[in-house]
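Residue numbers for the sequence shown follow my numbering, beginning at -6 and rising by one.
Quick reminder that beta carbons are idealized off the backbone N, C-alpha and C, glycines included.
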Amino acid sequence: TNSSLLPTRANAFSAVAAAVKEEPAPSRPSPAQEVAAETPFVPTPSRKYEYFQNVEITPAGVAMVRFDNLTKKVNTLSFAVMQEAKSMWETEVHSNSNVK
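Okay, here's the thing in structure tokens:
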């Protein structure tokens, strides 16, 4: 057998590395995103939570919780999200007798 025809770890890595498409560096946030990041969240009746839409209770008693961070392109988990989720769950879902 000719061992030079067998892939080596270095050759396999090179083939994989060549197949991986390089992503461009993340762009800087827009001025509006920078302002949003610097401005603290203020709850309003139409938006009680920073990371979630207001909880909706269906007629069947199902609580609809929608994860929706307006300051980021992608919803991400963090300790702040966890704390807000715990608070929302207690006040909006767990203690609500309309939720089944």
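Identity of the residue in the options nearest residue i by Cα
i	options	result
N89	L63, K66, R40 and M57	M57
D61	E43, Q76 and E77	E43
Length of the line joining the Cα atoms of residue i and residue j
i	j	result
R137	G54	Outside the displayed span of the chain (-6 to 93) sits residue 137, for which this structure offers no information.
W50	E31	The amino acid occupying residue 50 in the given sequence is Ile; Trp does not appear at that position. Cα-Cα distance, rounded: 32 Å.
S39	T69	22 Å
L63	T37	14 Å
V74	V48	15 Å
A78	F34	15 Å
F72	N91	29 Å
E83	Q76	11 Å
H87	K65	28 Å
Environment of residue i [buried if 16+ CB atoms lie within 10 Å]
i	result
M81	buried
E85	buried
F143	No answer is possible for residue 143: it lies beyond the span of the chain, which begins at -6 and ends at 93.
Nonlocal neighbours in the same chain, by C-beta distance under 7 Å from residue i, ignoring five residues either side
i	result
R59	F45 and Q46
V67	none
Cβ-based neighbour list, residue i, same chain, cut-off 8 Å, excluding 5 preceding and 5 following
i	result
K93	A53, G54 and V55
Sequence-distant residues of the same chain with beta carbon closer than 6 Å to residue i, five excluded per side
i	result
K41	N47
Enumerated in chain order, which unbroken segments of the alpha helix (DSSP H) with a length of 4 residues or greater are wholly contained in the segment 30 to 81?
-> With a minimum length of 4 residues, the continuous alpha helix (DSSP H) runs that stay inside the segment 30 to 81 are 72 to 81.
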